[in-house]
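The opening residue of the first sequence carries number 3 in this note's numbering; numbering runs sequentially from there.
Every residue, glycine too, gets a C-beta built ideally from N, C-alpha and C.
Model, not experiment: these values are computed from the prediction.
These notes concern the structure reproduced below.
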Amino acid sequence: MIRPQKNMNAHQRSPAENTQSKSPLANKANHPLAPAHSRKTPLWIQHLLHWFSVHQRTMPWRDDPSPYKVWVSEIMLQQTRVTAVIPYFERFLGQFPTVQSLADAPLEKVLKAWEGLGYYSRARNLHQTAKIIHFERNGHFPKTEAEWLALPGVGPYTAAAVASIACGQTAAAIDGNVMRVWSRLRGIREDISTPAWRNKARADLIRYARICNASLFNQAMMELGALVCLPRNPACVDCPIRNNCIAHRKRWTDIIPLRKKINPVPHRHEVVLLISSNKKVLMRQRPEKGLLAGLWKFPSQPLDKTHTSSSRAARALANSLHIPQTNKLQKHQRVEHAFTHFTQTLHVYRMELATAIKLPSPDWRWCSAHDLDTLPLSRSQRIIANEYNAEDERSS
DNA sequence: AAGACGGGGAC
DNA sequence: GTCCCAGTCTT
């Protein structure tokens, strides 16, 4: 039997989060006593839903699937594993308990809460959407899949997931897990990355979502992909629907899903300067668009072929900041970092200035140790900042 | 249709 | 270390 979800009754939600649960449809699908499936539900779905009721993981947004919690969690879960998301989600909800508190917060606070989670445009879009919901929709969350889809940062997957899980809508949420489970189940030896494949899968899956509980069906498919139908070495012996699975029957699980070869990514080098003066260190905010938009970084410069060594590049960067040659550079640290489309080696140099230089533009700042802890940084910059603070701690 | 956009976990 | 993972937006 389906394990009853705690706190799913509408009256236990806060008024601000309760606006979408008044419709009969929402109550029907999310009601604790609603059946997960009817007698005409295919046997494989009954097996899947039973498996889910027993094996689903505890997640902080599953106790109370309000639109706000489900929306925030689904944005965080894009390209990110559940185990990585949970601590971020807990902190985020503590800091921004309602969509209003998120809408009222400055962007920098939101980016700071997102620090280390990656894909920072998600945080910017989340903040933007909170403003839309609070200021333009009077705090009313969307209800239908199409309404969700219109919001920044909400694509086809997230719209279907939130609409089904939080709003009781019938929709097929197709993430990487579902693509893998579905292509194996049906033995589809086609490239899963094409829009054509996705449209076909959605058309097929929506028929099944319609005849059971779409929220549970979507979550069960994703959970099966995350726990059993793994990319490598799937645990077919534990799979509740292995008898319906064409890939299992034909020993195709290692060739399905089919994916295009990923091109090797280039490696880049960059010099980074830790320029300190009077217990403060020089930092710069990144532009509003592009890589790690809006986050802060230490002064840096790509190490291209015109520089014969990292120390020469470091000196050239110091020169461009009009730092006198009398200030000596000291090799400090080397940090490796991987992005999706390139990998990077950061060559970090240290320089103590007798007198602070004039800041080139308003996006530069002299930062105290406290500033370093407060500003949003990418993972690699945080590693450098922590090392800098630790050294500062030792020397004082 | 292809590329930009982070970071973490499994091996 | 190396490979793998896979939503949304932009171009």
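Burial state of Thr342 is exposed, judged by a 10 Å Cβ sphere holding fewer than 16 other Cβ atoms. Excluding the 5 residues flanking it on each side, Arg352 has same chain C-beta neighbours closer than 6 Å at Leu276, Gln332, His334, in chain order. CA-CA distance, Ile359 to Ile325, rounds to 7 Å. Taking the Cα of Tyr390 as reference, the smallest distance to any Cα among Gln130, Pro154, Val337 is reached at Val337.
Contact check for Arg204 against Ile167 fails: the beta carbons are separated by 9 Å or more. DSSP, read as helix, strand or coil, puts Asp193 in strand. When the beta-carbon positions are compared, Leu109 and Gly296 come within less than 9 Å of each other.
Straight through space, the alpha carbons of Val267 and Glu147 are spaced by roughly 36 Å. Residue burial is scored here from C-beta neighbours: Phe54 has at least 16 other C-beta atoms within 10 angstroms and is therefore classed as buried. If you look at Leu151, you'll find it in the alpha helix (DSSP H) that goes 147-151.
Residue state for Ser370 is assigned as coil, using DSSP reduced to three classes. Here the C-alpha atom of Arg396 lies approximately 27 Å from the C-alpha atom of Arg317. In this structure Val56 is exposed. Its beta-carbon is surrounded by fewer than 16 other beta-carbon atoms within 10 angstroms.
The C-alpha of Gly178 lies about 16 Å from the C-alpha of Arg188.
Three or more Cβ pairs closer than 8 Å define a contact, and the stretch 151-160 meets that threshold against the stretch 76-93. For Trp298, the three-state secondary structure derived from DSSP is strand.
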